[in-house]
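In the working numbering, the protein residues as written are 9 to 507.
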């Protein structure tokens with residue numbers, strides 16, 4: 009479809025761009041009363057109208073801009089997750105004082121740019137488009153990580169993020185060049201057709217050596233390309249930037265970074281994998297002999313194990329949640345390693361659940377940091393006495409991250425483990441056992457925070473005087489944790505609809 013014809017399917021992205029430009033214009037005005045409220049309302053309105061445009065486009069399943077961009081239920085589902093996450097971040101930043109009012113316009117503008125980049129990433133059906141979208145997401149993330157220029161930790165985190173991202177970007181581009189050299193195209197569906205033709209029986213019989221060389225080259229290229237996705241989702245061994253960046257970045261952005269870009273990387277990888285290496289998602293019939301199930305299973309085991317073990321020794325709660333996020337990426341990869349409809353369904357379901365429980369945990373971290381100026385576990389001592397609602401809420405979010413019933417995290421993990429167990433193979437059973445053991449390990453480091461809140465005594469037992477609006481946001485995030493833990497069928501139906 010030509011660019012002119014494609015524009016009518018591009019409304020959500022155009023609306024987002026329009027509000028992004030409006031924020032830039034409004035932020036140019038000098039300080040005036042109500043500036044923080046005005047910028048927050050514009051940002052929130054941009055996210056709302058973009059989500060409305062996405063809902064209106066429901067049912068469309070088409071490739072636009074000369075097959076570069078997919079408008080389908082898969083991409084719309086994840087775009088709604090990004091918008092929902094962005095909306096909560098706007099609400100959080102409205103009250104948080106870590107982002108100064110004079111820089112609020114720049115923060116919202118770059119945040120909307122980042123969300124736009126993730127829109128492009130999850131809809132990309134061309135390797136070049138994937139690379140450009142990934143760079144768009146990365147560059148905006150670098151800027152927001154180093155947003156607090158006067159904070160040495162923020163600048164250091166941004167520098168590490170840039171260096172690591174640059175290296176991974178080069179590796180990914182190198183892998184894409186292999187695909188172009190082999191098939192003469194960067195379109196993922198066309199690459200699949202080339203693979204099917206090259207690995208067909210008559211061709212393979214006539215040139216066995218060439219076919220074997222092609223298999224090895226495709227495997228190497230796929231691993232190189234995965235480096236870019238692994239970097240975004242913080243999978244081992246591409247996770248090393250994660251704890252330093254989470255600790256140094258402004259905490260509201262850390263909350264966003266821990267969820268949306270991770271899910272975007274996983275979603276983009278799923279599109280690359282399913283449209284490039286499988287006939288269709290109904291039977292998951294592979295077109296190559298690349299053992300994707302084994303590769304993802306090994307990555308999942310390494311990611312959740314290293315993430316959980318590294319979190320045990322952390323005293324900084326942001327670093328602890330960073331390693332926790334690495335571990336949760338491992339759980340999702342475990343479900344995807346099943347290469348089945350159940351695994352994909354579990355990924356869709358867990359993405360929504362993870363948004364609420366992880367974002368809720370970070371909201372508490374933001375509140376405590378503002379009131380105490382600390383991020384260590386010691387700052388949470390006696391919180392059950394000083395602010396019972398906040399302490400109980402944090403405990404609920406942490407219990408959900410562990411996967412304790414009847415909370416939503418339990419249902420999400422149940423679907424992930426069920427996808428693996430239903431494969432009924434020995435090594436999948438082993439992977440499930442590794443996942444269960446890792447959930448037990450996570451109980452220890454989450455329990456350290458809970459112990460500090462309810463058992464240990466604070467030096468100062470005076471109430472923290474938390475804003476009612478912050479408590480309201482916390483309560484809103486709590487509701488889905490209980491609803492999807494008891495009555496999860498509506499969310500399950502939405503996830504099933506994507507097939």
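All residues carry an ideal CB built from backbone N, CA and C; glycine is no exception. Quantities reported herein were computed from a predicted structural model and do not represent experimental measurements.
Quick one: Cα of residue i to Cα of residue j, how far?
| i | j | result |
| --- | --- | --- |
| residue 389 | residue 316 | 23 Å |
| residue 442 | residue 277 | 23 Å |
| residue 458 | residue 403 | 6 Å |
| residue 472 | residue 408 | 25 Å |
| residue 150 | residue 255 | 14 Å |
| residue 272 | residue 467 | 42 Å |
| residue 1 | residue 230 | Beyond the ends of the chain as shown, which are 9 and 507, falls residue 1; an answer cannot be given. |
| residue 60 | residue 53 | 10 Å |
| residue 98 | residue 452 | 32 Å |
| residue 336 | residue 107 | 28 Å |
| residue 34 | residue 374 | 27 Å |
| residue 56 | residue 100 | 16 Å |
| residue 44 | residue 112 | 7 Å |
| residue 172 | residue 109 | 31 Å |
| residue 49 | residue 430 | 47 Å |
| residue 153 | residue 384 | 20 Å |
| residue 438 | residue 489 | 29 Å |
| residue 312 | residue 16 | 42 Å |
| residue 342 | residue 36 | 47 Å |
| residue 447 | residue 164 | 32 Å |
| residue 338 | residue 307 | 7 Å |
| residue 400 | residue 224 | 53 Å |
| residue 352 | residue 502 | 13 Å |
| residue 380 | residue 116 | 26 Å |
| residue 285 | residue 238 | 18 Å |
| residue 391 | residue 46 | 34 Å |
| residue 13 | residue 482 | 43 Å |
| residue 25 | residue 355 | 29 Å |
| residue 114 | residue 143 | 19 Å |
| residue 449 | residue 412 | 13 Å |
| residue 283 | residue 197 | 6 Å |
For residue i, count neighbouring Cβ atoms within 10 angstroms of its own Cβ and tell me buried if that reaches 16, exposed if not.
| i | result |
| --- | --- |
| residue 382 | exposed |
| residue 21 | buried |
| residue 495 | exposed |
| residue 498 | exposed |
| residue 103 | buried |
| residue 395 | buried |
| residue 480 | exposed |
| residue 76 | buried |
| residue 189 | exposed |
| residue 415 | buried |
| residue 376 | buried |
| residue 344 | buried |
| residue 191 | buried |
| residue 213 | Caution applies to residue 213, whose pLDDT of 48 falls short of 50 and renders its modelled position unreliable; the model cannot decide the point. |
| residue 269 | buried |
| residue 124 | buried |
| residue 105 | exposed |
| residue 321 | exposed |
| residue 18 | buried |
| residue 158 | exposed |
| residue 397 | exposed |
Going by beta carbon distance, what residues of the same chain come within less than 7 Å of residue i, once the five residues before and after it are set aside?
| i | result |
| --- | --- |
| residue 363 | 89, 92, 93 and 267 |
| residue 477 | 103 |
| residue 180 | 139, 232, 233, 235 and 236 |
| residue 204 | 295 |
| residue 260 | 97, 100, 101, 104, 106, 107 and 374 |
| residue 227 | 298 |
Quick one: what's got a C-beta closer than 8 Å to residue i's C-beta in the same chain, skipping five residues either side?
| i | result |
| --- | --- |
| residue 250 | 242, 330, 331, 333 and 334 |
| residue 66 | 81 and 84 |
| residue 348 | 292, 427, 430 and 431 |
| residue 491 | 416 |
By Cβ distance below 6 Å, which residues in the same chain neighbour residue i in space, the five residues on each side in sequence not counted?
| i | result |
| --- | --- |
| residue 406 | 454 |
| residue 78 | 71, 131 and 133 |
| residue 161 | 256 |
| residue 323 | 384 and 385 |
| residue 128 | 141 |
Quiz item: Within the chosen definition, does the stretch 425-435 reach the stretch 368-379 through at least 3 CB pairs nearer than 8 Å?
Solution: no
Quiz item: Are at least three pairs of beta-carbons, each pair with one atom in the stretch 300-307 and one in the stretch 246-266, less than 8 Å apart?
Solution: no
Self-check item: alpha helix (DSSP H) runs contained entirely in the stretch 73-154, provided each spans 4 or more residues
Solution: 81-103, 112-131 and 135-153
Quiz item: At a cut of 8 Å, does the stretch 239-254 reach the stretch 84-91 through at least three beta carbon pairs?
Solution: no
Quiz item: If you pair each beta-carbon of the stretch 115-134 with each one of the stretch 61-80, do three or more pairs fall below 8 Å?
Solution: yes
Quiz item: Fully enclosed by the stretch 11-58, which alpha helix (DSSP H) runs are 4 residues long or longer?
Solution: 11-14 and 19-35
Quiz item: Enumerated in chain order, which unbroken segments of the alpha helix (DSSP H) with a length of 4 residues or greater are wholly contained in the stretch 176-255?
Solution: 196-206, 209-214 and 216-241
Practice problem: May I have a chain-ordered list of the beta strand (DSSP E) segments no shorter than 3 residues that lie completely inside the stretch 263-316? | Solution: none
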